[in-house]
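Since the structure comes first, as structure tokens, the remarks are kept for the end.
4 protein chains.
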Amino acid sequence: MLIVMKHLATQDQIDCVVKFIEKKGYTARPIPGGERVSIGILYNKGSVDASLFQNLPGVKEVIPITRPYKQVSREFKPEDTIIRIGSLTIGGKDLTIMAGPCAIESEKQAMTIANHVVKSGAHIFRGGAFKPRTSPYSFQGLGEEGLKILAKVRKETGMPVVTEVMDFQTFDIVEEYTDIIQIGTRNMQNFSLLRRAGKAKKPVLLKRGMAATIEEWLMAAEYILEEGNSQVILCERGVRTFVNHSRNTLDISAIPVVKKESHLPIIVDPSHAAGIRDQVAPLSLAAVAVEANGLIIEVHHAPDEALSDGAQSLYPEQFDLLCQKIKTMHSLFTRQ
Amino acid sequence: MLIVMKHLATQDQIDCVVKFIEKKGYTARPIPGGERVSIGILYNKGSVDASLFQNLPGVKEVIPITRPYKQVSREFKPEDTIIRIGSLTIGGKDLTIMAGPCAIESEKQAMTIANHVVKSGAHIFRGGAFKPRTSPYSFQGLGEEGLKILAKVRKETGMPVVTEVMDFQTFDIVEEYTDIIQIGTRNMQNFSLLRRAGKAKKPVLLKRGMAATIEEWLMAAEYILEEGNSQVILCERGVRTFVNHSRNTLDISAIPVVKKESHLPIIVDPSHAAGIRDQVAPLSLAAVAVEANGLIIEVHHAPDEALSDGAQSLYPEQFDLLCQKIKTMHSLFTRQ
Amino acid sequence: MLIVMKHLATQDQIDCVVKFIEKKGYTARPIPGGERVSIGILYNKGSVDASLFQNLPGVKEVIPITRPYKQVSREFKPEDTIIRIGSLTIGGKDLTIMAGPCAIESEKQAMTIANHVVKSGAHIFRGGAFKPRTSPYSFQGLGEEGLKILAKVRKETGMPVVTEVMDFQTFDIVEEYTDIIQIGTRNMQNFSLLRRAGKAKKPVLLKRGMAATIEEWLMAAEYILEEGNSQVILCERGVRTFVNHSRNTLDISAIPVVKKESHLPIIVDPSHAAGIRDQVAPLSLAAVAVEANGLIIEVHHAPDEALSDGAQSLYPEQFDLLCQKIKTMHSLFTRQ
Amino acid sequence: MLIVMKHLATQDQIDCVVKFIEKKGYTARPIPGGERVSIGILYNKGSVDASLFQNLPGVKEVIPITRPYKQVSREFKPEDTIIRIGSLTIGGKDLTIMAGPCAIESEKQAMTIANHVVKSGAHIFRGGAFKPRTSPYSFQGLGEEGLKILAKVRKETGMPVVTEVMDFQTFDIVEEYTDIIQIGTRNMQNFSLLRRAGKAKKPVLLKRGMAATIEEWLMAAEYILEEGNSQVILCERGVRTFVNHSRNTLDISAIPVVKKESHLPIIVDPSHAAGIRDQVAPLSLAAVAVEANGLIIEVHHAPDEALSDGAQSLYPEQFDLLCQKIKTMHSLFTRQ
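Residue numbers (this note's numbering), protein chains in the order written: chain X, 1 to 336; chain P, 1001 to 1336; chain W, 2001 to 2336; chain V, 3001 to 3336.
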């Protein structure tokens, strides 16, 4: 249930509605919007009687919410969520490009790639320090050393950084070093991790699970918002299907659907969707065409020597060319 | 096995190679290209010894073909296939827009929609006369009467028409009336129908099966080429996955993959991929972004009254707006 | 809408109801059952008013049918359909074993295998004469010669035979030679072929499409019943999923679901589901455990030399052992 | 690489080979088997030269391991792993039945159900105390109180208990109370949780991820074994596909494939595969038919009032009847 207050409702009227909701045994959550305040009713089991609230002073309308998700919903908050990191904004009309290697392998590797991608126009640097790997015998990332290298990259290039957190135990240290906390596809329904992310002070990049429906994905984001962190960026990275010419199948229609259902920004990871370098550029342009809010792209100066995901990493010159195309295409939409 | 002749090879040298191949018990198929002739060796069981042909006069090189498909392959014919229908061309750098209702319901309905879409910039009119329907109790199309209406649309608007053929029995009559013969997703591996299409004198639009791999799809096209008809247009229309927010999942990476593997033009059907009107425009733009050779879009002036697929049909004004966006985006690629 | 007549309703009363339905503009189809007659109302667009029929003489009850399929539905006909081929019956409590090679390759091959499988307890011989193949360059079957070999097998072993029909053109000849007409997975929604099968005088084995829902599959069967042939055997043969350790994923729960929804017999093809010999025996036993009405299993005396599907064909001794296990397990159910 | 020692190899010879492996910079892991000892070489990047080891005293043969998994592999350890919990054994020829409610809701509910299932023949009691739920607003389990109720059930009925662990923070307490630690489908690739489970002193039940390949699943188990806990039970619970008549599609062929690839016991969860009560019994019997080592089945005495998964829970009398069928069918295999 969502109670939409009138444009000119006073703070007293808002407080009054909140108290009334609580007296009925529900939880109230005021949601300040650009033009007016709405008040969500949470934790109701079963339906709530709308007529109870319709005639309270300052109330414009009462909207029953039929979606299982609430706080992530556009019904709840019609305006786009805009996430600010220093002078950067993610969401709305902006197109944010995140780029870098799959894993941080050394300071030299990270700085080489960072210098390339920042020149091409990337806004944010990506790189894994803690790596979730299918095999326990594969390279698992540099850990804290990798985080320190990310901090140096930020210092020297000015780019904020995004890196994945894998568990509760290393959450504090990742949160300390990074600008955006990434939750990977395998952890999309690791609810304890989601709750911890909901208490973080930094934005969270939430990748879609490899066989998750949009509803399950938005519900996972709901866990984060429910704990108090509304700075969530969704990331479509392809789903698992019978198709065998790409590692995953990019669900391109998920972008317009999510943008309609939710106020949260949504970006696309064409590298993990494709799994093959040749498909990364077309998938990136398709994402821009459907007005995704950004891209996260794997780039490596020597993909053949990469310790992970080499086959899907772009060469710096490919990334540079792609950035030009992305910007040209994006300008079509911003001009409109 | 593909034998590539030298740029200046004479007709005699070509004939000589063909005869030599046939003497070895294989079938030879000369493939004229823009710059040179190649000769394919067909029906070989197991591998053929390349050294047999390498030293024949006029031979430039001998390429073993590792793909199961041959005549549809870019190894076989490196240049894009361009299909001509009157003054229209499909393939290469062109973007062809096909539009119209799911089914022809009446002359008035067809003419109303046709007049709308031609004004918006559609090049080809689509509309079903014989409809494959999941239920035997659903509207099955107007049959020959529908074909006659299509012919009138062509006469009055100047647009060529495309319509589906469902079986051998009605193939002749469909071929007589239409400009492009469509083979639907459910018939992609109806091999008898493919062979009949291979003997047709008109271009064939071959939709991807709803759970077909790209290899199976190209092999289906191979059946048509193998019978002598090289005028095939491929059409990606989404594949069946667990995803439930769209009717099918548009496999957007299939476009760059097919364009690399094959010389045949490939278009996108966003209407059947989406199944929902709201997603049609974004999917169309994504298709343009990955440089598909065209689009086939369902449009209806009164979707709520449509006898089939109303929920995914655009209103004429939506189609008009979409055409403008498509053309703006496409111009980015042609300018390059 | 289904009108269930009273146990003792007279033929006059039945005729009267039929006429009344027809006067209202609908089509009536009487369905004789073991205990009573029901009358289906077909071709109604939208819902029919039940109260019109409730008070007619001899009417017990009027059941609105919410499923899109009608004649295949258990609501329509509660008793199991039993198909008779000579002294054999398919359906009900029986377990019918069909076995033989993927394709008929020669009389010697067919007779060798047939002699093996009949000794092991197979009831029906399978073997392809017209083969649908992904590649136009693969072995396409012996055609009519294959049908003649099947006829000899029947004559010498006494087993009825089942073979696939691929198209309208060869339907008459296949129908002439075979005892059961198989429609393959790629033709499940070849509606013209289904209609032709509906006019056949012999039972039809309808394989599930490789990405078909149960509803689509039952609707395909509905096409056959709608044309007048109620002798349809359904065959689950695995569906296409992301799983890569088997060729397809056997949808084992489809068997109890279909048996609940429909009165038609349903058998399982473990060979095409598995694609790998080792999995054929376990999948066969799983099918028996869920009370499938039969199995269709590929067997070859020299799988390594088979012209198709060798990797999934059982050796005769494996089939023999499997038959013993099948019969032991099946006896558990018949004893109950 | 696996070094298989001779039947009569001495401990000195084994120690000698281990030291030799370590001198080469690899890690050696001796694996005692029924008849002989094998020694695995772990953490080798790239291939290891087999000839280095072939001539050491006591070595019978050196087997290169081509699978990405090692310790879970049958090549590594040919004999079935048998897990002992008190007098119960899981694995080998035994069929272990685990049953109980989705979630522990109260002591009364748990005891009621436990008394039913133990009488029907269940060996182990299941029940969730910490529940992973798609929605943050759904019932999340009783937590530690639920664990205490499980302990009482064990005390009063004699059945060991299995319950899910969701995170690192609650691992210690779950491990303290339960007999088998369950890792759920959403956490199959929560690698930190897997590592923690690898240090546990109790057996781990590892459910398959809802879109995991068998290789990924076995690699997840490898994480647990790699940390030192070889007591892992695998659990197939259906995978996500396009199929919509069941919640998931039970991948029945996974059982024989896993039994061939790995020495670990594998059980089946028909309740989550089906999602619908009617399909639970047939899927259970199919699992027995493919020789799964056990079943884990949801049972509730009042499913309509269950706080989760009511629709897929069996009534006690249904479970009782099913147990009888399971045992009759299982006896077919043990008699052989």
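Built from N, CA and C at the ideal position, the CB exists for glycine as well.
Below-8 Å beta-carbon distance, residue i vs any chain W residue
{"i": "residue 208 of chain X", "result": "no"}
{"i": "residue 1223 of chain P", "result": "yes"}
{"i": "residue 1230 of chain P", "result": "no"}
{"i": "residue 1042 of chain P", "result": "yes"}
{"i": "residue 3329 of chain V", "result": "yes"}
{"i": "residue 1067 of chain P", "result": "no"}
{"i": "residue 1216 of chain P", "result": "yes"}
Opposing strand residues paired with residue i [DSSP bridges]
{"i": "residue 3298 of chain V", "result": "V/3100"}
{"i": "residue 40 of chain X", "result": "X/2, X/29"}
{"i": "residue 2339 of chain W", "result": "The first residue shown for chain W is 2001 and the last is 2336, placing residue 2339 of chain W beyond what the model contains."}
{"i": "residue 3088 of chain V", "result": "V/3085"}
{"i": "residue 3073 of chain V", "result": "V/3262"}
{"i": "residue 2163 of chain W", "result": "W/2181"}
{"i": "residue 2971 of chain V", "result": "Here chain V has residues from 3001 to 3336 only, and residue 2971 of chain V is not among them."}
{"i": "residue 2048 of chain W", "result": "In the DSSP output, where bridge partners are listed per residue, residue 2048 of chain W has none listed."}
{"i": "residue 2396 of chain W", "result": "In the structure displayed, chain W extends from 2001 to 2336; residue 2396 of chain W sits before or after that span and is not available."}
Residue i and residue j closer than 8 Å at C-beta
{"i": "residue 153 of chain X", "j": "residue 299 of chain X", "result": "no"}
{"i": "residue 211 of chain X", "j": "residue 240 of chain X", "result": "yes"}
{"i": "residue 2204 of chain W", "j": "residue 2173 of chain W", "result": "no"}
{"i": "residue 2268 of chain W", "j": "residue 2295 of chain W", "result": "yes"}
{"i": "residue 2288 of chain W", "j": "residue 2326 of chain W", "result": "yes"}
{"i": "residue 2188 of chain W", "j": "residue 2068 of chain W", "result": "no"}
{"i": "residue 1 of chain X", "j": "residue 64 of chain X", "result": "yes"}
{"i": "residue 2175 of chain W", "j": "residue 2181 of chain W", "result": "yes"}
Test: residue i CB closer than 8 Å to a CB of chain V
{"i": "residue 132 of chain X", "result": "yes"}
{"i": "residue 171 of chain X", "result": "no"}
{"i": "residue 1240 of chain P", "result": "yes"}
{"i": "residue 2019 of chain W", "result": "no"}
{"i": "residue 2014 of chain W", "result": "no"}
{"i": "residue 2004 of chain W", "result": "no"}
{"i": "residue 166 of chain X", "result": "yes"}
Below-8 Å beta-carbon distance, residue i vs any chain X residue
{"i": "residue 3226 of chain V", "result": "yes"}
{"i": "residue 3076 of chain V", "result": "no"}
{"i": "residue 3191 of chain V", "result": "yes"}
{"i": "residue 3219 of chain V", "result": "yes"}
{"i": "residue 3186 of chain V", "result": "yes"}
Neighbour flag for residue i against chain P, beta carbons, 8 Å
{"i": "residue 2274 of chain W", "result": "no"}
{"i": "residue 2246 of chain W", "result": "no"}
{"i": "residue 96 of chain X", "result": "no"}
{"i": "residue 279 of chain X", "result": "yes"}
{"i": "residue 2137 of chain W", "result": "yes"}
{"i": "residue 2306 of chain W", "result": "no"}
{"i": "residue 57 of chain X", "result": "no"}
Legend entry - Complete beta strand (DSSP E) runs within the stretch 3102-3148 of chain V (minimum length 3 residues, chain order): 3124-3126
- Any alpha helix (DSSP H) of 4 or more consecutive residues that is wholly inside the stretch 206-250 of chain X: 214-226
*Can at least three beta-carbon pairs, one atom from the stretch 3019-3037 of chain V and one from the stretch 2319-2331 of chain W, be found at a separation below 8 Å?*
no
Would you call the stretch 1303-1316 of chain P and the stretch 1272-1282 of chain P touching, i.e. three or more CB-CB distances under 8 Å? As far as the Cβ criterion goes, the stretch 1303-1316 of chain P touches the stretch 1272-1282 of chain P, which means the pair count is three or higher.
Is it the case that the stretch 3091-3107 of chain V contacts the stretch 3070-3078 of chain V, given that we only count it when at least three CB pairs across the two stretches are under 8 Å?
no
Q.
Contact between the stretch 3113-3129 of chain V and the stretch 3151-3167 of chain V is defined here as three or more beta-carbon pairs at a separation below 8 Å; is this criterion met?
A. Short answer: they touch.
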